[in-house]
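Numbering (this note's numbering), first residue to last: 321 to 649.
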Amino acid sequence: MKTLMRFLFLPLFLSGCIINHLSLFPGIEPLKEIVVEGSGHEKILIIDLSGVISEETNRGGGGIGGGAPETGMIEQIKEELLMAERDKDVRAVLLRINSPGGTVTASDLIYHEVVQFKQKTGKKVIASIAGIGASGAYYIASAADQIVAHPTAITGSIGVITLHLNLQGLLEKIGVGAEAIKSGPQKDTGSPFREMTAEDRRILQGMIDTLQARFLSVVAQGRKMIHQEQMKIISDGRIFTTDEAKEFGLIDQIGYIDSAIELAKQTAGIKEARIILYRRPSQYANNVYSLAAIQPNLFTGDSATGDVIPIAKELLQGRSLNFFYLWMP
């Protein structure tokens with residue numbers, strides 16, 4: 321134990337014992353308000369929804385060499401909504417979206433939190449879609465009072481998808497087999513170690529259909545201007561340009577983020593407002609485009625940590641059966 325303690329504290333002595341900014345067991349810092357533009361007493365909060373939507377959280381290693389812990393996407397958005405709920409000067413929230421969607425559950429949880437926020441506070445929520453606002457991201461946007469999309473944005477992809485890897489042939493080539501001892505014939509439905517049967521497919525398709533019905537219900541509830549014939553077209557999973565999306569009632573306006581900010585002011589009934597972000601002290605932000613954190617790419621992972629995102633991780637580890645509201649071209 322003494323040897324370990326000497327090892328831990330040796331860098332302190334070598335550096336002259338300057339330890340003001342060193343934490344052996346760093347925690348998550350509280351969010352702070354940052355004003356990025358505007359003036360006045362009232363505020364418009366921008367909440368960032370970027371990257372693949374998932375339940376994953378990076379807690380780090382809890383100490384030296386483990387990396388700093390971070391909140392997950394759901395936790396972060398919930399925390400920001402709670403702060404906006406408690407601050408009477410926050411008159412509206414702008415969801416800045418740039419996401420292809422993500423897992424079904426994570427998308428639904430964030431949607432639920434936005435709806436609850438609106439019901440509790442009566443405050444308006446505007447969605448601003450940047451590059452992509454597809455599938456689960458659009459599911460969440462449906463909770464907003466109005467949706468503004470950048471002129472070059474892609475939206476739509478209303479639907480559910482799951483991926484099934486069949487590794488049986490590959491394993492046979494290298495002389496490896498896998499046998500499941502199970503309580504019932506469907507206990508290993510979705511296993512990558514055997515071929516999918518007709519009954520497997522029937523069961524999984526039924527689950528897909530149920531989740532799709534929920535997606536369409538959410539869209540119909542939030543976008544009442546979409547009529548039945550349009551719903552049939554948008555429900556096939558296709559993506560839309562902003563012009564097409566406006567024609568089908570998926571969005572209300574085409575414009576930049578400043579247009580979305582002005583719309584947020586109008587819906588809140590105010591003329592002037594400070595535009596604010598909630599950030600942790602270690603996160604730099606000085607304008608409305610500042611992201612909450614570095615977001616992972618769809619399949620390459622987080623450029624900062626090297627971690628692959630949950631979808632790729634599950635595929636690589638053989639856990640291929642999950643359900644996604646995700647645009648996966």
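No residue lacks a Cβ here, since even glycine has one placed at the ideal position from N, Cα and C.
### Message
Could you check whether the Cβ of Leu402 sits closer than 8 Å to any Cβ belonging to chain C?
### Response
As a matter of chain content, chain C is missing from the structure shown, which is built from one protein chain.
### Message
Once DSSP output is grouped into helix, strand and coil, what is the label at Asn642?
### Response
coil
### Query
Should His432 and Ile449 be called a contact, given that it needs their Cβ atoms to be closer than 8 Å?
no
### Task
Determine the contact status of Asp288 and Gln466, defining contact as a CB-CB distance below 8 Å.
Given a span of 321 to 649 for the chain in the structure shown, any question on residue 288 remains unanswerable.
### Query
Name the DSSP bridge partner or partners of Asn418?
Ser370
### Message
If I measure Cβ to Cβ from Glu349 and keep anything under 7 Å in the same chain, skipping five residues before and after, which residues do I get?
### Response
Arg600, Pro601 and Ser602
### Task
Could you tell me whether the Cβ atoms of Ser477 and Gly542 are closer together than 8 Å?
no
### Task
Check Ile546 in the structure and name its three-state DSSP category.
coil
### Query
Which whole-angstrom value is the C-beta distance of Ile452 and Ser419, which I expect to be below 8 Å?
6 Å
### beta strand (DSSP E) runs wholly inside the stretch 553-592, at least 3 long, in chain order
none
### Message
Assuming contact is defined by CB atoms lying nearer than 8 Å, are Ile446 and Ala584 in contact in what I supplied?
### Response
yes
### Task
Count the other C-beta atoms from every protein chain shown that fall within 10 angstroms of the C-beta of Val434, then say buried if there are 16 or more, exposed otherwise.
buried
### Query
Any idea what DSSP makes of Arg514, helix, strand or coil?
coil
#### Entry: Opposing strand residues paired with Arg599 [DSSP bridges]
Lys352
### Task
State the beta-bridge partners of Val413 as determined by DSSP.
Leu365 and Val445
### Query
What do you reckon, is the C-beta of Ala463 under 7 Å from a heavy atom of the ligand HEM?
Ligands are entirely absent from the displayed structure, and the ligand HEM is therefore not among its contents.
### Query
Among Glu376, Gln525 and Leu415, which has the Cα closest to the Cα of Thr482?
Gln525
### Query
Hey, how far is the Cα of Val539 from the Cα of Leu531?
13 Å
### Query
Nearest-angstrom Cα distance between Lys352 and Ala588?
23 Å
### Query
DSSP state of Thr625, grouped into three classes?
Summary for Thr625: the model assigns pLDDT 37, below 50, so the residue's position carries little reliability, and this model does not support an answer.
#### Entry: C-beta contact flag for Ile364 and Ala605 at 8 Å
no
### Task
Check Glu400 in the structure and name its three-state DSSP category.
helix
### Query
Should Leu401 go down as buried or exposed, given a rule of 16 or more other Cβ atoms within 10 Å for buried?
buried
### Query
Is it buried or exposed for Lys507, if we count other Cβ within 10 angstroms and need 16 for buried?
exposed
### Message
Please report the straight-line C-alpha distance between Ser462 and Glu549, rounded to a whole angstrom.
### Response
19 Å
#### Entry: Contact check, Val480 vs Tyr645, beta carbons under 8 Å
yes
### Buried versus exposed, by CB contacts within 10 Å (16 or more), Met393
buried
### Message
Can you list, in chain order, the residues of its chain with a C-beta nearer than 6 Å to that of Ser374? Leave out the 5 residues immediately preceding and following it.
### Response
Gly422, Thr423, Ala426 and Pro630
### Task
Would you give the residue range spanned by the alpha helix (DSSP H) that Ala461 belongs to?
Gly456 to Ala461
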